[in-house]
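What follows is a single structure, written as structure tokens, with notes after it.
Numbering (my numbering), first residue to last: 37 to 179.
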């Protein structure tokens with residue numbers, strides 16, 4: 037298994053007016069943008085992208101290796117490989133991502149030191165997820 041560190045950066049554009057973008061639901065505004073800063077190690081056949089103004093991350097794994105996405109405490113959260121996508125049900129990230137604001141009570145088994153419990157969530161080698169590390173969580177605008 038190959039562990040890949042996904043370094044993602046969200047650019048917070050304080051003071052900039054909200055940009056207008058047309059989406060399938062009408063007009064959306066955002067004062068931030070996301071981009072991939074680094075994929076380490078480099079992996080031919082693996083594509084990492086940031087979508088939805090930095091709110092959503094996507095990995096397409098066209099390689100024969102397994103990509104591991106780490107959770108908020110560096111625990112294994114996702115495995116994306118030729119046999120599909122597997123999610124660690126004991127990763128705190130699994131529960132925290134259920135709500136956009138991340139506010140939830142974690143059960144005792146949702147801890148970084150608990151052995152992983154893998155559940156297959158897709159048979160394809162592609163996964164998208166919301167990540168609070170690149171999402172502005174405060175109600176006030178950044179300065």
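The C-beta atom is built at its ideal place from N, Cα and C for all residues, glycine as well.
This one's a predicted model, so the numbers in the text were calculated from it and none came from an experiment.
C-beta contact flag for residue i and residue j at 7 Å
i           : j           : result
residue 131 : residue 155 : no
residue 142 : residue 152 : no
residue 72  : residue 103 : no
residue 92  : residue 164 : yes
residue 121 : residue 86  : no
Residues sharing a beta bridge with residue i, DSSP
i           : result
residue 157 : Its beta-bridge partners do not exist; DSSP assigns none.
residue 112 : 106
residue 94  : 85, 164
residue 142 : Answer by DSSP bridge pairing: none, since residue 142 is not bridged.
C-alpha distance - residue i paired with residue j, whole-angstrom precision
i           : j           : result
residue 160 : residue 167 : 20 Å
residue 148 : residue 111 : 5 Å
residue 84  : residue 75  : 8 Å
residue 162 : residue 96  : 4 Å
residue 100 : residue 118 : 6 Å
residue 176 : residue 133 : 21 Å
residue 146 : residue 125 : 7 Å
residue 80  : residue 98  : 8 Å
residue 109 : residue 115 : 16 Å
Where residue i falls, given that 16 or more other Cβ within 10 Å makes a residue buried
i           : result
residue 144 : exposed
residue 139 : exposed
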